[in-house]
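For reference, the structure is listed below as structure tokens.
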Amino acid sequence: MKEARILLVDDEVVFANNMSKLLTRRGYQVKAVNSGDEALRALMDNSFDVMVLDLKMPGMDGIATMHEMKKLGLFTEVLILTGHGSIDTALEAIQLGAYDYVTKPVEIAELLSKIEAAFERKTIKDKKGA
3 MKEARILLVD DEVVFANNMS KLLTRRGYQV KAVNSGDEAL RALMDNSFDV MVLDLKMPGM
63 DGIATMHEMK KLGLFTEVLI LTGHGSIDTA LEAIQLGAYD YVTKPVEIAE LLSKIEAAFE
123 RKTIKDKKGA
């Protein structure tokens, strides 16, 4: 099975780098960026299967990033990263089309499970569209 290409978006540089290393060691192709603007540029330049997107970031937050993606016609499955106090915002992101959300701190097993499920959904959508 093809491994998912993941765009990891989190303003916490250490968290993004560590998570990128963990996912890369498990065979994923990962690009880590630290802002919504960088995420949009990466999505315009490359194809990703799953974007793991932090909701709370300075500048363009996760919700604004998702709105911009829609405006630009960019599509990837989105998995939201949120703190415990932001569940309502995570649900808003799901209404915007996010696949699911996980709360920080996230267990790697839970994140991997959600990434795989989002990747499977994208694969099915791609086959239907082909």
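In the numbering used here, the protein residues as written are 3 to 132. Here a beta-carbon is modelled for each residue, glycine too, at the ideal position from N, C-alpha and C. All values derive from a computational prediction rather than experimental measurement.
{"Query": "Residue closest to T105, alpha-carbon to alpha-carbon, out of L57, F121, D128, L10", "Result": "L57"}
{"Query": "Presumed contact (8 Å Cβ cut-off) between L55 and V80, rounded CB distance", "Result": "5 Å"}
{"Query": "Nearest-angstrom beta carbon gap, I110 and A95 [assumed within contact, 8 Å]", "Result": "21 Å between Cβ atoms; not a contact."}
{"Query": "Span separating the alpha-carbon of M3 from that of G75", "Result": "Residue placement at M3 is flagged as unreliable, the pLDDT there being 47, under the threshold of 50; a coordinate-derived value is accordingly withheld."}
{"Query": "DSSP three-state assignment for T84, whether helix, strand or coil", "Result": "strand"}
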